[in-house]
Amino acid sequence: MPTLSVADGTSIHYRVVGEGPRTVVLVHGWMMSGAVWDATVERLDLTGLRLVIPDARGTGQSAKAASGFTLEQLAQDVLAVVDAVGAKRFTVVGHSMGGQIAQWLGAQVPERVEGLVLLNTVPAAGLPLPPDAAGLFRTSAGDRDKQKTILGLACKTLSPEALEALLKDAAGVSAAAIEGMFDAWTKGGFADRLSRITAPTLVVSTDDPFLPPAFLREAVVKPIRRAQMAHIPGPGHYPNAEHPQSTAAVLSAFLAGSAPA
3 MPTLSVADGT SIHYRVVGEG PRTVVLVHGW MMSGAVWDAT VERLDLTGLR LVIPDARGTG
63 QSAKAASGFT LEQLAQDVLA VVDAVGAKRF TVVGHSMGGQ IAQWLGAQVP ERVEGLVLLN
123 TVPAAGLPLP PDAAGLFRTS AGDRDKQKTI LGLACKTLSP EALEALLKDA AGVSAAAIEG
183 MFDAWTKGGF ADRLSRITAP TLVVSTDDPF LPPAFLREAV VKPIRRAQMA HIPGPGHYPN
243 AEHPQSTAAV LSAFLAGSAP A
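Residue numbers for the sequence shown, in my numbering: 3 to 263.
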């Protein structure tokens, strides 16, 4: 499994799946690593695709950095991985906070991003939580019971096996990453840059209790010039783990319809 050392010396781990000419980067969200995509990747038609799946600093097999959990630094880490695999242009698929990072990339390097899929994305403006929820989320590092409670609040159709896989993944995320990334995604702060995004963008909603379709339409679809919306009924916040088949189908349809010339 390849790793690279980014500018501040942190070692970032990533996986490459497939050997096609089109690069698709899968960016995970808070409290997880790139493993959150496993069930979806197993169901994707990889014809013509090269999937690049990084673990953010402090998660998965990447180094447990003490700092660098801002949206900008996390996006720069993703860019460093994309550069390491030699991709000039790429599509970004981001889940939750990963969708925020995808929006940041689409706005920051629009000439390189050829498509965006934002799966239950946190808006660029951030998503402040009520004090009780914020306290639960921010202090959940290494606490299986708290993380199980969070997944219970977020998910609607998670099988026992999928729940166990997510809990195992979450257990490996450092306290610095849990706290630093939580502060970053709740704060957001770059909604004014969304007009720079030029790539075709698909915003995917589910029956997520935190990010309902009407909210995503207003906060994410409207400000992005070429954004459209799709809905997967049934799952909550983790459709990539709850309904991986449906998630793979929506992703495949977007990739087929937005193939670069």
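Glycine included, every Cβ here is placed at the ideal spot set by N, Cα and C.
Shown here, P56 sits in a strand according to DSSP, grouped into three states.
Assignment of R195 by DSSP, reduced to helix, strand and coil, places it in the helix class.
With contacts defined by Cβ atoms closer than 8 Å, T25 and S13 do not form a contacting pair. Here D40 has A167 as same chain residues with Cβ atoms under 8 Å from its own Cβ, once five neighbours each way along the sequence are excluded. Annotation: L253 to V119 spans about 8 Å, alpha carbon to alpha carbon. Nearest in C-alpha terms to R114, of all of L121, T123 and A104, is A104.
Straight-line spacing of the CA atoms in L46 and D10 works out to 34 Å. When only Cα atoms are considered, A65 and A173 end up about 15 Å apart. Across the set T61, D210 and G50, the C-alpha of T61 shows the shortest separation from the C-alpha of S176.
In this structure the stretch 140-158 does not lie against the stretch 226-235, because fewer than three pairs of beta carbons, one per stretch, are closer than 8 Å. The alpha helix (DSSP H) runs lying completely inside the stretch 4-58 and spanning 4 residues or more are 40-44, given in chain order. Annotation for D194: no residue places its beta carbon closer than 6 Å to its own, counting only its chain and skipping 5 residues before and after. Annotated as distal: R59 and A201, with beta-carbon spacing of 8 Å or more. In the DSSP assignment, Q230 falls outside any alpha helix (DSSP H) and lies within the beta strand (DSSP E) extending over A229 to H233. Under the DSSP definition of a beta bridge, L204 partners with V119 and Q230.
Taking 8 Å as the upper bound for CB-CB distance, T42 and N242 are in contact here, some 5 Å apart. It is roughly 42 Å from the alpha-carbon of L48 to the alpha-carbon of D134.
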